[in-house]
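**Q** Sending over a structure as structure tokens; questions will come in a sec.
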Amino acid sequence: NAGVTQTPKFRVLKTGQSMTLLCAQDMNHEYMYWYRQDPGMGLRLIHYSVGEGTTAKGEVPDGYNVSRLKKQNFLLGLESAAPSQTSVYFCASSYGLAGNTDTQYFGPGTRLTVL
Amino acid sequence: QQPVQSPQAVILREGEDAVINCSSSKALYSVHWYRQKHGEAPVFLMILLKGGEQKGHDKISASFNEKKQQSSLYLTASQLSYSGTYFCGTESRSNYQLIWGAGTKLIIKP
């Protein structure tokens with residue numbers, strides 16, 4: 016039981032390049048989330064999904080897109096990377112049975128640097 | 002709006018107690034507490050729900066004052082393993098989102 020996994024662990028991009036971060040969970044969770052974490056600012060929600068085929072915007076969605084084609088996977092895309100997107104990205108998932116008042120399980124994170 | 006956590010950092014000796022506070026300007030539905038060690042992912046500690054229900058850790062306690070939109074996390078007889086940054090996440094309405102505080106860094110010295 017791997018829990019929540021993220022690929023890749025580290026990535027360096029040049030400004031304007033694109034990339035996709037992959038999040039996978041094997042706990043049959045309905046809800047999945049993408050966060051970014053910057054020093055001194057805690058976690059900020061980028062996008063989230065409450066089920067397969069559904070996505071919604073969080074606090075800081077600009078510059079990112081997501082897709083949830085399969086229940087176990089949640090992809091985060093950067094179409095044209097900018098230095099302001101340098102951050103640590105965390106994916107999380109939860110059962111969602113009781114709405115959002117539920118434990119979130121986090122992946123190990125992806126450290127992204129945009130030059 | 003981001004909840005305010007206090008203190009920003011605290012240094013304790015092993016065995017001492019600590020209180021970490023989380024305050025919001027919005028009416029809260031629930032408060033979630035997580036701990037993150039350096040270079041690792043956040044790990045769940047506690048959920049406090051409106052109405053008094055509490056779910057979580059058996060060695061750490063917390064309170065939730067719905068009227069004041071405040072929550073406090075109590076770490077009793079701290080151990081070295083308690084070191085890390087503690088985050089509160091607040092839910093103001095049932096929209097599947099948590100808004101997170103900036104964190105409280107806790108350092109435990111032997």
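From first to last, the protein sequence lines stand for chains A and B. Sequential numbering of the first sequence, starting at 16, is according to our numbering. Sequential numbering of the second sequence, starting at 2, is according to our numbering. All residues carry an ideal CB built from backbone N, CA and C; glycine is no exception.
If we call anything under 8 Å between Cβ atoms a contact, is residue 110 of chain B one with residue 12 of chain B?
**A** yes
**Q** Residues of chain A with a CB under 9 Å from the CB of residue 8 of chain B: which are they?
**A** Using a Cβ-Cβ cut-off of 9 Å, residue 8 of chain B is close to nothing in chain A; its nearest Cβ partner there is about 14 Å away.
**Q** Under 8 Å by Cβ, that's how I've got residue 45 of chain B and residue 118 of chain A pegged, so tell me the actual separation to the nearest angstrom.
**A** 5 Å
**Q** Counting only the same chain and skipping the five closest in sequence on each side, list residues whose C-beta sits under 6 Å from that of residue 103 of chain A.
**A** In its chain, beyond the 5 residues on either side, 52, 124 and 126 have a beta carbon closer than 6 Å to the beta carbon of residue 103 of chain A.
**Q** Please report the distance separating the alpha-carbon of residue 130 of chain A from that of residue 29 of chain A.
**A** 5 Å
**Q** Could you pull out every unbroken beta strand (DSSP E) segment of at least 3 residues lying fully inside the region 9-58 of chain B, listed in chain order?
**A** 10-14, 19-24, 31-37, 44-50 and 55-57
**Q** Could you pull out every unbroken beta strand (DSSP E) segment of at least 3 residues lying fully inside the region 83-111 of chain A, listed in chain order?
**A** 88-93 and 102-109
**Q** Determine whether the Cβ of residue 118 of chain A lies closer than 8 Å to any Cβ atom of chain B.
**A** yes
**Q** For residue 56 of chain A, would you say it is in contact with chain B, using Cβ-to-Cβ distances shorter than 8 Å as the test?
**A** yes
**Q** Quick one: measure Cβ to Cβ for residue 88 of chain A and residue 37 of chain A, integer angstroms, because I've assumed they're closer than 8 Å.
**A** 7 Å
**Q** Have a look at the DSSP bridge pairing and note the partners of residue 60 of chain A.
**A** A:50
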